[in-house]
Amino acid sequence: MKCVAAILARNEADRFLTECLQSLAPHCDEILLLDDGSTDATREVASAHGAQVRSREGPPMWGQEAPARAELWAWGAEVAKDGWLLIADADQALVAPHDDWQMMLSSWTANCWGFPLYDCWDAPDQHRSDGHWVGHLTKRAWLFRPRDCPNPEWGTRGVHTGHCPANMPIVGAHAPSSVWWRHYGWMRKADRDEKLARYLCCKDLLAPNELAHLLSVNDE
Amino acid sequence: MIILTPTPDARQDLIVVGTCVRKPPVIVRAYLASLASQMVPPGCRVEYHFIADQADPDTVALLHAFVTEYGGLVEEEAAGGAKDFDDTGPVTHSWTNTAMARVGQMKNRIIQRARDANAVAVWFVDADLICDDHTLRSLWFADKPIAHAVFWTRWQNIPTCPIVPQVWLLHPYQLQGRGYCDEAAFRRQLLTRQLTRVWGGGACCLIRRVALDAGVDYSYIPGASQEGMMAGEDRHFCIKAEAAHMEMYADPWPHIYHIYHPEQVAEIDGQVERLQHLRDQQDHPSWLNLSLKMLEPVQTGPTSFSHIPGTNVRVRVGVGDILPDLEAQCLAHLDGVAFTAVVHYPMSYVVAAIRGQRRLMEVTVVDYKGPAPMPVVEHDLPNGIDLTTYTGRQLESLYG
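Have a look at this one:
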């Protein structure tokens, strides 16, 4: 069964885009990168790793994420056709044994697979696990079968819009425990400071628990 | 406060293995060898914590040498004056309440150190047990707050004393009740290696962090009886576990030899050899210990789906305990590594919601075994009668 990865990215060339693309390559037939107005070499790095690259028009997605998500989904669904669509971020690396991943793609029942995300902290082999840092405890949906949502509708939130349409009729499966994301987004101190500042500019868009999670970045 | 944890590919969760040791060197040597042979569960590491309690100097030396090689700690308890227990009697052992209370305090020290080291579990193994090499792995995959490995013992060295398991249903040491119509039903459940809910046990138990965090320990409960069969730190441990809603299960999968009577010392070498070859001697396993987790959901209504919790099952091969295609895939993955299996449920399957469907399942073959009976139990089989299913009263009638 065909598997297509789709990434929404902006200025990721010097961060973890290479790790992301290298981790996806063994598992995906095609990789799509929708570029959100990068001013660095994001497009070139993606192309060099064999990804299809498309630049989106209009205002940057930050603070108004839904249109960008909808555009990414529409492109991915068009390429995936009857197959699977993996929505990835450019600061994540997929960890998955090949056999287990192929088994997931063979599912007759599920139209969505969930697996955990480990927020790496200071080093790639350790993650944060206190308080609000619970991505590793939940199997969030990342891999979808877009044919089951022929008329996608998206929420209106400016951030954390979700990786799939709000009306996706999810029949979710839990991936084998060998399948997970390594999330580099919070790993380096400089990245944390930059990301925190970016979120605080639109903190009115965040739910209370999201804000508490964000503020805990500065915990000692 | 920030808490950092290794990612799954770097994780090494700590299991503390320990107990109080006072047995002679000939027993302790075999005990330590069986600990060293244990298959450590995936993503885990092991540290040892022994407390030498009025032990022979040679025993203490053995313990020190062991932790030097494998990691851990030996504490030497100061001799407490008069000897308050006797484990060399010709019929049975004799313990005083003070000795049992002291053992409880020492076990609590092991628990406290494990908590301080952020251990995920403590495995208490009495020093007169020889465990097969998959004991810890089986207890771990049982995935229960408290799991007791079952061994069988004839507590009094007389023929009319029944062979009994070191787990029970009601205090003190009752092997019937809790829904079992008679003692034989409970014994049959254990002899067929099924993971079984119990309300009492001791001597070889894996206690998970969730139970330690709930405050379950070996302190005596004020006001609770310490007389007769209620004496003993493990009785009070079990009552605390029940009060804290920490479920206890008996795991009769491992083969464990209990060196209880002095003449059993002569059997140690033979038993060690038998346990070591338990798995080698078989080309075709008779029993499988499986960890199963259905990955895809089951439809429970027109638009609703539910996930079935993972489970640990023990099945006989070739008799239809599990679906034939699942059994075939398990037999092809005896290396103990988790794999994803495809299972086709026939139209005749017992669960209607899944008939005629296909599901993916994460499967681990925790262990496999031949048809050999458990140690001690086997002693009675050549007589043609499985005495383990007989009650004390029935044995009285048999032997007059």
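Here the protein sequences line up with chains A and B, keeping their order.
Mapping the first sequence onto the numbering used here, position 200 (from 1) lands on 771, and the numbers just tick up by one.
Mapping the second sequence onto the numbering used here, position 375 (from 1) lands on 736, and the numbers just tick up by one.
Ideal placement from N, C-alpha and C gives every residue a C-beta, glycine not left out.
Would you kindly report the start and end of the unbroken beta strand (DSSP E) that includes residue i?
{"i": "Lys-654 of chain B", "result": "648 to 655"}
{"i": "Pro-367 of chain B", "result": "365 to 367"}
{"i": "Asp-606 of chain A", "result": "601 to 606"}
{"i": "Glu-408 of chain B", "result": "405 to 414"}
{"i": "Asp-612 of chain B", "result": "609 to 612"}
{"i": "Gln-623 of chain A", "result": "623 to 626"}
{"i": "Ala-577 of chain A", "result": "574 to 580"}
{"i": "Thr-557 of chain B", "result": "557 to 559"}
{"i": "Ala-426 of chain B", "result": "Unbroken run through Ala-426 of chain B is the alpha helix (DSSP H), 418 to 431; no beta strand (DSSP E)."}
{"i": "Val-571 of chain B", "result": "Unbroken run through Val-571 of chain B is the alpha helix (DSSP H), 570 to 574; no beta strand (DSSP E)."}
{"i": "Leu-375 of chain B", "result": "374 to 382"}
{"i": "His-597 of chain B", "result": "It is not in any beta strand (DSSP E) - His-597 of chain B instead sits in the alpha helix (DSSP H) that spans 594 to 604."}
{"i": "His-645 of chain B", "result": "Element bounds for His-645 of chain B: n/a, residue is neither H nor E."}
{"i": "Leu-490 of chain B", "result": "490 to 492"}
{"i": "His-754 of chain A", "result": "751 to 754"}
CB-CB under 7 Å to residue i, same chain, minus the five flanking residues each way: which ones, in chain order?
{"i": "Ala-622 of chain A", "result": "Leu-592, Ile-602, Leu-603 and Leu-604"}
{"i": "Val-659 of chain B", "result": "Phe-666, Ser-667, Ile-669, Ala-714 and Ile-715"}
{"i": "Pro-732 of chain B", "result": "Ser-647"}
{"i": "Ala-710 of chain A", "result": "Looking at the sequence provided, one finds Lys at residue 710 of chain A rather than Ala. Taken in chain order, the residues that qualify are Gly-685, Phe-686, Pro-687, His-745 and Ala-746."}
{"i": "Ala-416 of chain B", "result": "Val-382 and Arg-383"}
{"i": "Leu-610 of chain A", "result": "Before going further, note that residue 610 of chain A is Thr rather than Leu in the sequence given. So the qualifying residues of the chain are Asn-582."}
Tell me, to the nearest whole angstrom, how far the beta carbon of residue i is from that of residue j; I am working on the premise that it is less than 8 Å.
{"i": "Leu-708 of chain A", "j": "Pro-687 of chain A", "result": "7 Å"}
{"i": "Ala-651 of chain A", "j": "Val-750 of chain A", "result": "19 Å between Cβ atoms; not a contact."}
{"i": "Ala-641 of chain A", "j": "Met-632 of chain A", "result": "Going by Cβ atoms, the distance from Ala-641 of chain A to Met-632 of chain A rounds to 11 Å, so no, they are not a contact pair."}
{"i": "Gly-654 of chain A", "j": "Val-730 of chain A", "result": "Their Cβ separation, rounded to whole angstroms, is 29 Å, which puts Gly-654 of chain A and Val-730 of chain A out of contact at 8 Å."}
{"i": "Val-676 of chain B", "j": "Leu-649 of chain B", "result": "5 Å"}
{"i": "Pro-533 of chain B", "j": "Gly-584 of chain B", "result": "Between Gly-584 of chain B and Pro-533 of chain B the Cβ distance is about 16 Å, and since that is not below 8 Å, they are no contact."}
{"i": "Arg-539 of chain B", "j": "Leu-530 of chain B", "result": "4 Å"}
{"i": "Leu-653 of chain B", "j": "Gln-697 of chain A", "result": "Contact flag wrong, Cβ pair sits at about 31 Å."}
{"i": "Leu-639 of chain B", "j": "Asp-493 of chain B", "result": "6 Å"}
{"i": "Asp-686 of chain B", "j": "Val-704 of chain B", "result": "7 Å"}
{"i": "Asp-701 of chain A", "j": "Ile-363 of chain B", "result": "6 Å"}
{"i": "Leu-497 of chain B", "j": "Met-400 of chain B", "result": "7 Å"}
For the alpha helix (DSSP H) containing residue i, name the first residue and the last one.
{"i": "Gln-637 of chain B", "result": "629 to 637"}
{"i": "Ala-352 of chain B", "result": "The shown model of chain B, from 362 to 761, leaves out residue 352 of chain B, and the question about it has no answer."}
{"i": "Asp-764 of chain A", "result": "760 to 771"}
{"i": "Ile-471 of chain B", "result": "458 to 477"}
{"i": "Thr-496 of chain B", "result": "496 to 503"}
{"i": "Phe-485 of chain B", "result": "Per DSSP, Phe-485 of chain B belongs to no alpha helix (DSSP H); it is in the beta strand (DSSP E), 482 to 486."}
{"i": "Tyr-392 of chain B", "result": "386 to 397"}
{"i": "Arg-548 of chain B", "result": "544 to 552"}
{"i": "Cys-522 of chain B", "result": "Looking at the DSSP string, Cys-522 of chain B is not in any alpha helix (DSSP H), and its letter there is neither H nor E."}
{"i": "Val-616 of chain A", "result": "613 to 619"}
{"i": "Cys-591 of chain A", "result": "588 to 595"}
{"i": "Ala-744 of chain A", "result": "Looking at the DSSP string, Ala-744 of chain A is not in any alpha helix (DSSP H); the run it does join, the beta strand (DSSP E), is 743 to 745."}
{"i": "His-783 of chain A", "result": "Note that residue 783 of chain A is Ala in the sequence shown here, rather than His. Start and end: 779 to 786."}
Considering only residues of the same chain and omitting the five flanking positions on each side of residue i, which have a CB-CB separation below 6 Å?
{"i": "Cys-599 of chain B", "result": "Gly-561"}
{"i": "Trp-684 of chain A", "result": "Met-675, Leu-714, Ala-744 and Ala-746"}
{"i": "Val-577 of chain B", "result": "Lys-601, Ala-602, Ala-605 and Met-607"}
{"i": "Thr-514 of chain B", "result": "His-619 and Tyr-621"}
{"i": "Arg-570 of chain B", "result": "Val-481"}
{"i": "Ala-617 of chain A", "result": "Leu-604 and Val-624"}
{"i": "Ala-475 of chain B", "result": "Val-377 and Val-483"}
{"i": "Tyr-579 of chain B", "result": "Gly-465, Lys-468, Asn-469, Glu-594 and Phe-598"}
{"i": "Arg-728 of chain A", "result": "none"}
{"i": "Gly-671 of chain B", "result": "Lys-654"}
{"i": "Thr-661 of chain B", "result": "Ser-667"}
{"i": "Glu-438 of chain B", "result": "Ile-412 and Asp-414"}
Which residues in chain D have a C-beta closer than 7 Å to the C-beta of residue i? List them in chain order.
{"i": "Ser-678 of chain A", "result": "Judged by its chain identifiers, the structure shown contains no chain D, and its protein chains are A and B."}
Apart from the five residues just before and just after residue i, which ones in its own chain have a Cβ nearer than 8 Å to its Cβ?
{"i": "Pro-707 of chain B", "result": "Leu-684, Arg-716 and Gly-717"}
{"i": "Gln-635 of chain A", "result": "Gly-729"}
{"i": "Ala-637 of chain A", "result": "Trp-725, Gly-726, Thr-727, Arg-728, Gly-729 and Thr-732"}
{"i": "Leu-490 of chain B", "result": "Tyr-392, Ser-395, Phe-512, Ala-564, Cys-565, Ile-617, Tyr-618, His-619 and Ile-620"}
{"i": "Cys-405 of chain B", "result": "Gln-373, Asp-374, Leu-375, Ile-376, Val-481 and Trp-501"}
* Can we say the stretch 678 to 693 of chain A touches the stretch 712 to 732 of chain B, given the rule of at least three CB pairs closer than 8 Å? -> Three or more beta-carbon pairs drawn from the stretch 678 to 693 of chain A and the stretch 712 to 732 of chain B are found closer than 8 Å, and the two stretches are therefore classed as touching.
* **Segments of 3+ residues assigned as beta strand (DSSP E) that fall wholly inside the stretch 631 to 714 of chain A** => You should have 655 to 660, 663 to 666, 683 to 686, 688 to 692 and 694 to 699.
* Asked: Is it true that the stretch 686 to 703 of chain A meets the stretch 744 to 755 of chain A, where meeting means three or more beta-carbon pairs spaced less than 8 Å apart?
  -> Taking a cut-off of 8 Å on C-beta distances, the stretch 686 to 703 of chain A touches the stretch 744 to 755 of chain A, as three or more cross pairs fall below it.
* Asked: Would you say the stretch 503 to 510 of chain B touches the stretch 599 to 618 of chain B, given that touching needs at least three Cβ pairs under 8 Å?
  -> Yes, the stretch 503 to 510 of chain B touches the stretch 599 to 618 of chain B.
* Using 8 Å as the Cβ pair cut-off and three pairs as the minimum, do the stretch 555 to 574 of chain B and the stretch 509 to 516 of chain B touch? -> Counting Cβ pairs under 8 Å, three or more are found: they touch.
* Mind listing, in chain order, the continuous beta strand (DSSP E) runs of no fewer than 3 residues lying wholly within the stretch 669 to 745 of chain B? => Here the runs fully enclosed are 672 to 677, 700 to 705 and 719 to 730.
* On the three-pair Cβ rule with 8 Å, is the stretch 578 to 589 of chain A touching the stretch 658 to 673 of chain A? -> Yes, the stretch 578 to 589 of chain A touches the stretch 658 to 673 of chain A.
* Asked: Do the stretch 371 to 383 of chain B and the stretch 477 to 486 of chain B make contact, defined as three or more Cβ pairs closer than 8 Å?
  -> Touching, yes, given that three or more Cβ pairs across the two stretches are closer than 8 Å.
* Check whether the stretch 523 to 541 of chain B touches the stretch 411 to 426 of chain B, taking contact to mean three or more Cβ pairs, one atom from each stretch, closer than 8 Å. => Cβ pair count under 8 Å is below three, so no.
* Kindly confirm or deny that the stretch 732 to 742 of chain A and the stretch 392 to 403 of chain B touch, where touching means at least three C-beta pairs closer than 8 Å. => The stretch 732 to 742 of chain A is not in contact with the stretch 392 to 403 of chain B.
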